[in-house]
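Chemist: One structure coming up, written as structure tokens, with questions to follow.
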């Protein structure tokens, strides 16, 4: 397995697909990277030379925020909103939907499992 950005990418998949296993790189960025380096998208990771793997690794390190850095950046952005105590920050703090979705019904993913209310039987 080739190791790029701290992730073991699968060797039996096409290069474009394998790059999407890295957090922060989707299909579009994977196409962009392979195009920039000049690797055919249909090639498999196992067919890449060490030099090509090194080129991919350098391209990702130079131009993209991926894996731990990206996760840290997102967490810091959320923490900043919470510290500001703006509306979005308060929604994050309370564990409620942030982008205006209804909460009277639904929103179970964000709110968690339903809590039973005592005295509701009849």
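Numbering (the numbering used here), first residue to last: 44 to 165. Each residue gets a CB set at the ideal place from its N, CA and C atoms; glycine is no exception.
1) To which residues of the same chain is residue 85 closer than 8 Å at the C-beta, ignoring the five residues directly before and after it?
2) How would you write the range of the alpha helix (DSSP H) that residue 120 sits in, first residue to last?
3) Alpha carbon to alpha carbon, what distance is there between residue 102 and residue 136?
4) Is the segment 59-72 in contact with the segment 101-115, if contact means three or more CB pairs nearer than 8 Å?
5) Tell me whether residue 117 is buried or exposed, calling it buried when 16 or more other Cβ atoms sit within 10 Å of its Cβ.
6) Nearer than 7 Å: is that true of the beta carbon of residue 89 relative to any heavy atom of the ligand GDP?
7) What did DSSP end up calling residue 61 once you bin it into helix, strand or coil?
Modeler: For this structure:
1) Contacts found: 57.
2) For residue 120, the enclosing alpha helix (DSSP H) has its first and last residue at 110-127.
3) For residue 136 and residue 102, the distance between alpha carbons rounds to 37 Å.
4) The segment 59-72 is in contact with the segment 101-115.
5) By the neighbour-count criterion, in which a residue is buried when 16 or more other Cβ atoms sit within 10 angstroms of its Cβ, residue 117 is exposed.
6) Of ligands this structure carries none, so the ligand GDP is not represented either.
7) Residue 61: helix per DSSP, three-state reduction.
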